[in-house]
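Residue numbering for the sequence shown follows our numbering, beginning at 21 and increasing consecutively.
To start, the structure under review is shown below, and the notes come after it.
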Amino acid sequence: MTQVDLSLKKRKTGDKKPKLTAAPRIFQPFRAIGYITNDLPFCIQTRGQAFFLTTSIGNTFQIYDMTKMNLLFVGPQTEEPISAITSHGDYTYAACKNEIIAYKRSKETFRFGSEERDTIFSLSVFGEYLIALSEDNFVQLWRHDNGELYTEIEFDPQHFKVSAMVHPSTYLNKVLLASLQGTMQIWNIRTRKQIYEFKSFGSPVTSLTQSPVIDVVAVGLLDGTIILHNIKKDQRIMTLKQEGKVTSVSFRTDEQHIMATANMYGDIALWDLDKKKLVHIMKGAHDGLIPSIQFLNGQPILVSSGADNSVKQWIFDSLDGLPRLLKSRSGHHGPPTMIRYYGKDGKTLLSAARDRSLRSFSTVRDSQSVELSQGSLSKKSKMLNLKIDELKLPQITCFSACNAKEKDWDNILTCHMNDTKSRTWSFQRKAIGNHLIGTPDDSSFKVAAISACGNFGLLGTNTGRVEMFNMQSGLHRKTFAGADGHTKAVTGIATDALNRIVVTGSLDGMVKIWDFTTAAVLHTVKLDAPITSVMLHHDSDLVGVVCDDLSIRVIDVDTQKIVREFWGHRNRITDIAFSPDGRWIVSASLDGSVRTWDLPTGHLVDLFTVEHIVTSLSFSPSGDFLATSHVDNVGIFLWANRMQFSNISLRSITDEDSVAIAMPTSSGMDEDEDDEDIYLNVANGADNAEIGTPEQLTESMITMSSLPRSKWQNLLNLDVIKKRNKPKEAPKAPEKAPFFLPTLPGVESKFTTPAKENPEDADQSRVVQMGIIRPETEFVRLLKQGHDNNGDFEEFFEYIKTLNPSGIDFELRSLSLENEFMEILYFLEAMENRLKSRKDFELVQAYLNVFMKIHGDIIVSNPGEFTPVLERLLGEHRQEWERVEGLLHYSLCLIDFIRNVNIS
């Protein structure tokens with residue numbers, strides 16, 4: 021063993037985040053939902069009477085209030101996956117490889133670590149220190165307030181490979197370390213000396229837990245043995261045995277001598293320590309490894325987390341002393357295969373996944389996410405001694421939902437893998453429905469659809485038939501088949517908004533349009549490749565058809581013609597979605613790309629690739645988000661539609677414009693200013709540099725200003741507005757307060773004038789010079805500047821556009837009559853210049869109107885000074901107005917002709 025002191029390596033918080041270099045043009049990563057926990061142990065912190073749970077979800081952590089299991093905070097993203105986590109006071113400490121990051125209320129404050137060390141796999145609070153175990157067999161001690169390295173101890177992995185640690189209660193400055201060799205050692209951290217070494221237990225130690233009794237520690241072994249050992253006397257008190265590796269141990273502290281142990285198969289065993297026997301096994305408490313369990317201090321509540329992406333609270337309040345599920349938060353523990361928005365508000369997502377579940381996710385409130393029940397599976401699992409997942413329905417391959425009759429009867433229809441039956445579900449009850457639908461020929465269902473009214477369900481079979489039944493009663497209504505029907509498996513079904521037609525697609529390459537009432541084929545469109553999916557946009561009656569030849573064809577239902585074909589994907593297309601307004605089609609493929617096609621122009625307007633292939637996507641009915649599911653990811657990812665809050669030029673792009681971007685994170689959108697600039701600037705790139713809006717397209721055109729109407733309309737009616745806003749009566753003076761202060765007799769108030777600072781001030785004249793106290797305003801200064809610059813009044817008009825109507829009225833009334841009406845003449849010159857440039861036409865009219873009302877009498881009284889300027893101004897005005905009037909009359913006549921012409 022060697023002891024090494026290392027210098028502390030710190031890094032500024034601002035240097036931790038890699039900078040973005042590119043961004044998609046339309047869809048910006050927003051956040052990921054559906055992540056609860058992973059296979060790392062959680063930590064519980066007690067603050068008064070409240071308990072707070074911190075879980076790791078990969079590159080970030082989440083903090084829950086355990087009273088209602090509400091999500092409080094989501095930590096920022098780390099560069100590497102979190103390998104260990106703990107909390108102390110207001111701080112949360114997360115280990116990422118060989119670095120420890122300190123967070124205060126989900127905000128990073130500082131970080132520390134050693135480059136020479138390997139990944140840290142365990143963190144524990146030890147007074148004012150943090151103890152870290154690294155995979156290269158080092159034990160490190162850090163001060164958790166400033167990140168200073170206190171000491172470091174290295175072990176020989178051949179003799180003592182550290183696997184777990186615990187700080188025994190009342191043992192000052194000492195820690196108990198366990199190894200994969202099955203031995204344990206007690207070390208004094210301050211003196212860095214070994215105090216005692218225990219004999220091997222014959223199996224690697226996987227868990228160490230302090231019991232409520234001083235000197236007694238629970239030791240969990242790889243072979244499933246749990247040993248209660250007195251470390252002071254080195255004496256074995258009790259030995260118990262469970263099935264599978266011991267992953268975690270916890271003790272009740274509410275006067276009940278119960279110990280809980282977890283294993284790698286998802287089971288939790290409860291032991292009566294008084295009788296030294298097994299009380300109960302919670303079979304299938306989680307699906308897979310349980311990394312951590314813990315009883316809440318002083319309460320009969322057990323908290324468990326599993327690698328199945330769930331956290332559960334079990335309460336012991338029954339008469340037989342057995343637990344029941346109290347609260348839980350969970351998500352998919354298998355990657356979702358199909359997702360669809362539910363309803364019109366765009367706040368709910370339905371998803372089916374490989375874990376054979378159907379879930380509802382809220383995009384605004386995490387606590388409203390829930391799994392739709394498949395019945396009393398927990399009771400059946402106890403009776404049959406099977407896991408809950410083994411009793412679930414087969415994996416859902418396709419589903420359809422409609423909220424029109426949500427409160428009346430079942431409104432979700434599902435098809436299942438290798439199953440000849442289809443099920444109905446109730447979103448209102450969040451449970452499986454009453455009907456089990458089958459076919460007469462026992463063929464399996466491939467695709468499902470529900471009519472827009474919510475009354476009928478349609479199911480496509482692998483034999484080419486489409487069966488319709490009533491959603492309320494479950495009774496069969498009609499079959500879409502026959503000589504004109506499909507000859508191969510149906511892969512897509514869609515109905516219009518008025519129940520007039522049914523559109524189906526099949527592997528035989530046919531798109532058929534059926535009469536909804538008679539089930540007769542109205543039209544058939546033959547394509548050159550098998551069809552894998554069909555999607556109908558109700559408002560436009562456009563059908564998007566995905567084909568096996570890697571193309572997307574758009575068919576107009578009214579004309580039965582192919583109106584668009586989109587080519588570009590290099591592998592099978594997994595899903596498509598229409599935007600709510602029907603302008604875009606968004607498609608995903610096994611080539612890892614997500615493409616956005618513009619239907620009016622037929623161009624590709626957005627293209628980006630992600631690390632994990634998109635398996636399904638859905639566009640929000642409100643148009644604000646695009647939701648995607650990905651291979652090997654159990655969450656659902658939301659992408660913000662930037663067209664909702666910024667102007668984007670939708671020019672045509674090619675595959676060379678593709679950008680590879682990171683997927684959304686649970687932390688939400690990046691708040692970094694530099695990244696924000698990249699999203700606003702890089703995403704539009706060449707658009708901002710090449711395409712701009714000129715102030716005036718051509719000098720021969722009259723251009724209006726871009727100011728709001730109120731800027732110049734209120735100027736014309738300013739007198740009426742002031743009169744209307746005038747108070748009805750003058751404000752009343754406040755009543756005088758009585759004076760009650762006592763006075764002393766004989767005391768008189770005397771006032772003296774202050775002495776002059778400069779005697780010469782007395783000789784100065786008291787005559788006020790008006791020219792000195794009248795300052796030159798910005799309005800007049802820019803007016804003179806424009807005259808001196810040979811009639812360039814551009815800066816003057818830019819300034820006057822910033823003034824409100826009252827300010828403009830004040831400036832016009834303040835024009836001086838001195839120097840032979842110089843300021844007034846300059847203003848008329850500016851108006852004449854603006855008319856010649858044919859800019860701000862309506863503003864010039866409004867300014868001249870108000871100017872004439874104010875200074876009309878002065879102009880009439882001095883014709884010699886104003887007549888030449890006014891004649892030029894009137895001539896320019898008349899010329900431009902006659903041109904505009906002629907265009908208006910021409911347009912009105914043309915419209916009247918088109919309206920009255922007889923088209924036969």
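Quick reminder that beta carbons are idealized off the backbone N, C-alpha and C, glycines included.
Fair warning: this is a prediction, and the values are worked out from it, not measured in the lab.
Can you tell which of E814, I77, I278, I83 has the C-alpha that lies nearest to the C-alpha of A70? I83
Name, in chain order, the residues that DSSP records as bridge partners for N810. DSSP, once it has assigned bridges, lists no residue as partnering N810.
For D439 and G453, believed in contact at Cβ under 8 angstroms, the rounded distance: So it is not a contact: roughly 16 angstroms between Cβ atoms.
Note down the Cα distance separating G264 from A549, rounded to an integer number of angstroms. 52 angstroms
Drop a sphere of 10 angstroms on the beta-carbon of G222, count the other beta-carbons inside from all chains shown, and report buried for 16 or more, exposed for fewer. exposed
Compute the Euclidean distance between the alpha carbons of I879 and M721, then round it to the nearest angstrom. 31 angstroms
Could you check what DSSP says for V870 in three-state terms: helix, strand or coil? helix
Using the C-alpha atoms, what's the distance from I140 back to A152? 6 angstroms
Got a sec? Which residues, its chain only, sit under 6 angstroms from S636 by beta carbon, not counting five neighbours each side? M358, I359, D595, S649
CB L226 to CB G240, shorter than 7 angstroms? In the sequence under discussion, the amino acid at residue 226 is Thr, which differs from the Leu named in the question. Cβ atoms of T226 and G240: closer than 7 angstroms.
Which residue wins for smallest C-alpha separation from A104, given the options P414, L60, T281? L60
Would K117 be called buried (16 or more neighbouring beta carbons within 10 Å of its own) or exposed? buried
Residue closest to K441, alpha-carbon to alpha-carbon, out of Q448, D428, H455: H455
H558 versus C435 - alpha carbon distance: 23 angstroms
According to DSSP, is K213 part of a helix, a strand, or is it coil? strand
Report yes or no: do the stretch 276-283 and the stretch 298-316 share at least 3 C-beta pairs separated by less than 8 angstroms? yes
Please report the Cβ distance between S325 and S312, rounded to the nearest whole angstrom; I am assuming they are in contact, meaning their Cβ atoms lie under 8 angstroms. 5 angstroms
With a 10 Å radius around its C-beta and 16 neighbouring C-beta atoms as the bar for buried, classify F665 as buried or exposed. exposed
Sorted by chain position, which residues of the same chain lie with C-beta nearer than 6 angstroms to D110's C-beta, five sequence neighbours on each side aside? K124
Once DSSP output is grouped into helix, strand and coil, what is the label at Y170? strand
Alpha carbon of F315 to alpha carbon of Q388, nearest angstrom: 26 angstroms
C-alpha gap between G308 and L406, whole angstroms: 13 angstroms
Terminal residues of the beta strand (DSSP E) in which H277 lies: No beta strand (DSSP E) holds H277; DSSP gives it neither H nor E.
Sorted by chain position, which residues of the same chain lie with C-beta nearer than 6 angstroms to K532's C-beta, five sequence neighbours on each side aside? T524, V541, T544
Please determine, among V800, Q201, G458, the residue with the shortest C-alpha to C-alpha distance to M842. V800
Go through its chain and collect everything with a Cβ distance to L835's Cβ below 6 angstroms, but skip five positions before and after it. E843, I844
I need the straight-line Cα distance from F476 to L346, nearest angstrom please. 38 angstroms
Rounded to whole angstroms, what's the CA-CA distance from I656 to I668? Just pull it up for me. 26 angstroms
State the Cα-Cα distance for the pair E693 and V486, rounded to the nearest angstrom. Its pLDDT being 42, under 50, E693 is placed unreliably by the model, and the measurement read from it follows with that caveat. Cα to Cα, E693 sits roughly 54 angstroms from V486.
Quick check: M185 and V195, are their CB atoms within less than 7 angstroms of each other? yes
Going by DSSP in three states, A424 sits in which element: helix, strand or coil? coil
R137 to I310, Cα distance in whole Å? 28 angstroms
Cβ shell of P177 (< 6 angstroms), same chain only, five flanking positions each side left out: N157
Indicate whether L397 and L411 have their beta-carbon atoms separated by less than 7 angstroms. yes
Output the boundary residues of the alpha helix (DSSP H) element that contains E831. 825-833
What three-state label does DSSP hand L700 in the structure shown? Bear in mind that the predicted position of L700 carries a pLDDT of just 45, short of 50, making it unreliable; the figure below should be weighed with that in mind. DSSP places L700 in helix when its eight states are reduced to three.
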